[in-house]
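Working notes, structure below.
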Amino acid sequence: MAGIEIAELSTVYPNGVRAVDGLDLTVADGEFFALLGPSGCGKTTLLRTMAGLEQASEGAVRIGDRDVTRLDPGARRVAMVFQDYALFPHMTVAENIAYPLRVRRMSKVSQRDAAERTSAGLSLGALLDRRPGQLSGGQQQRVALARAIAVEADVLLLDEPLSNLDARLRLEARTFLKKLQRDLGLTTVFVTHDQAEALALADRIAVMESGSIRQLGSPKEVFQRP
Ligand code: ADP
Ligand code: ADP
-13 MAGIEIAELS
-3 TVYPNGVRAV
7 DGLDLTVADG
17 EFFALLGPSG
27 CGKTTLLRTM
37 AGLEQASEGA
47 VRIGDRDVTR
57 LDPGARRVAM
67 VFQDYALFPH
77 MTVAENIAYP
87 LRVRRMSKVS
97 QRDAAERTSA
107 GLSLGALLDR
117 RPGQLSGGQQ
127 QRVALARAIA
137 VEADVLLLDE
147 PLSNLDARLR
157 LEARTFLKKL
167 QRDLGLTTVF
177 VTHDQAEALA
187 LADRIAVMES
197 GSIRQLGSPK
207 EVFQRP
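So that you can map any letter, position 218 of the sequence shown is 204 in our numbering, and since no number is skipped, the others follow by simple counting.
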């Protein structure tokens, strides 16, 4: 388990856009943390830079004691769930969950074990042989979560975790996300443009603007009127 310490981080795209601009942020070990802000403020880029999907131009992202900007994505112990879940449609639920382990050449038995272990807490046990097309949006999201945590990670990153779900499934997804964070003690950072979503889930919220943090605090502190 580990907290996150981001120091003077910048991510500049090849076209010159400074999507993350000298950003500092500390997330405590086991915290459920929201990055809130309007479209284009740099939330997704920050998440992708933490995961190693975009390269940091300057600064550091320390998880535990290690600056992960120097590590390959696979070595970072960071799990990310994408907004559209990015499941493989031709694979079963079990194969989707085990995919990162297959890539790491773990045995078939360990793959099946991991799929069964991670699916249990996410109520996917009965769905292991289905394909993503036969699942609800909420179930698909849980498969994406199970796949993310099948590889032992210290940090879980979620891109707009509730935005593709209808109102009823949102409530259910909140419960699962909270449970996952509690049961595994995972430091969790999620991105949203929705204040209500940040309020409902987060221990603390950072409000981003133009690539840096404008405001930081508990939901009460951030949304309290002066
Ligand atoms: P958010 O997630 O808050 O909507 P993004 O991180 O997607 O913000 O985008 C931040 C800024 O970086 C925006 O100005 C966006 O247009 C720009 N941007 C995002 N992705 C790329 C990219 N691949 N190449 C160039 N600019 C990008
Ligand atoms: P989000 O707000 O969730 O990042 P977007 O619709 O802004 O989603 O971006 C969708 C995709 O387009 C992303 O892969 C992002 O990197 C890319 N993108 C966004 N803005 C730009 C840009 N100005 N130039 C090039 N690619 C971009």
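Where a beta carbon is used, it is the ideal one built from N, C-alpha and C, also for glycine.
Quick one: does the C-beta of residue 25 sit closer than 6 Å to a heavy atom of ligand 1? True, at least one ligand heavy atom lies under 6 Å from that Cβ.
For residue 172 and residue 166, which I take to be in contact (beta-carbon distance under 8 Å), what is that distance rounded to the nearest angstrom? 7 Å
When the distance is taken between beta carbons, is residue 66 closer than 7 Å to residue 143? yes
The segment 145 to 161 touching the segment 97 to 107, judged by at least three CB pairs closer than 8 Å: no
With distances taken from CA atoms, which of 169, 186, -4 is nearest residue 35? -4
Residue 192 to residue 181, Cα distance in whole Å? Rounded to whole angstroms, the gap between the alpha carbons of residue 192 and residue 181 is 11 Å.
Smallest Cα separation from residue 123: which of 53, 69, 111? 69
At the level of alpha carbons, what is the spacing between residue 58 and residue 52? 12 Å
Rounded to a whole number of angstroms, what is the C-alpha to C-alpha distance between residue 76 and residue 90? 20 Å
Less than 8 Å between the CB atoms is what I'm expecting for residue 21 and residue 32, so what's the real figure, rounded? Right, their Cβ atoms sit about 6 Å apart.
Given residue 126, which residues of its chain have a CB within under 7 Å of its CB, disregarding the five upstream and five downstream residues? Only 71, 73, 118 meet the Cβ criterion.
Residue 47 by DSSP, collapsed to three states: which one? strand
With a CB to CB cut of under 8 Å and the five nearest residues on each side skipped, what residues in its chain are close to residue 86? 133, 136, 137
Every unbroken beta strand (DSSP E) within the segment 39 to 106, with a cutoff of 3 residues, ordered by chain: Counting only runs of 3 or more, we get 44 to 49, 64 to 67.
Can you tell me which residues form a DSSP beta bridge with residue 145? When beta bridges are read from the DSSP output, residue 145 appears opposite 177.
Quick one: Cα of residue 185 to Cα of residue 205, how far? 6 Å
Any heavy atom of ligand 1 closer than 6 Å to the Cβ of residue 1? Yes - ligand 1 has a heavy atom lying nearer than 6 Å to the Cβ of residue 1.
Whose C-alpha, out of 62, 80, -6, 93, is nearest the C-alpha of residue 105? 80
Close beta carbons around residue 50, own chain, < 6 Å, minus the five adjacent residues each side: -12
Cβ-based neighbour list, residue 55, same chain, cut-off 7 Å, excluding 5 preceding and 5 following: 42, 46, 47
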